[in-house]
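Protein chains in written order, with this note's numbering: chain S, 1 to 111; chain D, 112 to 222. Report on the following structure.
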């Protein structure tokens, strides 16, 4: 059974804090993705990675960075959290050209 | 530009009342079309991948079909536990690993 886990289900942070969201997959997938999901805007791609230490910008990378030091782990970093980054964050993994499998999501609130 | 449109935005059915959800897409060379189910506050759960026109896949009360321009998710004799948001996504041949999501159909089944 495929599995993608995210470090927290709910997170509350203050404006200006540095925030780390962790994602781990046990499917040996090459590709990993970070999305945010907001009402009325759907799923929007922030960053993705197709290999260790490789990263590509998605549609909305501003204010975010990522790190992939190991194949199974993909981290999303908010360097200085702002209130407009309050959202549901979803991580996914896939093999090349195949279905993406999602984690349970992290609901981040920035006060 | 790759595009995905889902309709209707919301659908309310009586238990046992069969219906279909639509996903229209524009993509340069379809690599795959994906259906997901998403419950409130959770990550999308993978349902089906379709690769070519004429393909059909079934799972319990759900059946997905694909033509060159659209996909349908048919729900036969739905139960209240089928209530969820259903997301459609496509991957084009020119988009590397990225997939484009539709905004979803919120399905509500009344007992």
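Ideal placement from N, C-alpha and C gives every residue a C-beta, glycine not left out.
- Non-local beta-carbon contacts of residue 142 of chain D in its own chain, meaning distances under 6 Å to residues more than five positions away in sequence, involve 202 and 204 in chain order.
- For residue 86 of chain S, not one C-beta of chain D is nearer than 8 Å to its own C-beta.
- Using a CB distance below 9 Å, the part of the segment 170-198 of chain D facing chain S consists of 198, ordered along the chain.
- Our two residues, residue 76 of chain S and residue 128 of chain D, have alpha carbons roughly 43 Å apart in a direct line.
- Proximity of the segment 65-83 of chain S to the segment 169-180 of chain D falls short of the contact definition, fewer than three beta-carbon pairs being nearer than 8 Å.
- Annotated three-state conformation of residue 166 of chain D is coil, per DSSP.
- Nearest Cα to residue 184 of chain D within the set D/114, D/211, D/222 and D/135: D/135.
- Residue pairing for residue 92 of chain S: DSSP places it in a beta bridge opposite S/33 and S/102.
- No residue range can be given for residue 50 of chain S, since it is assigned to no beta strand (DSSP E) and is classified by DSSP as neither H nor E.
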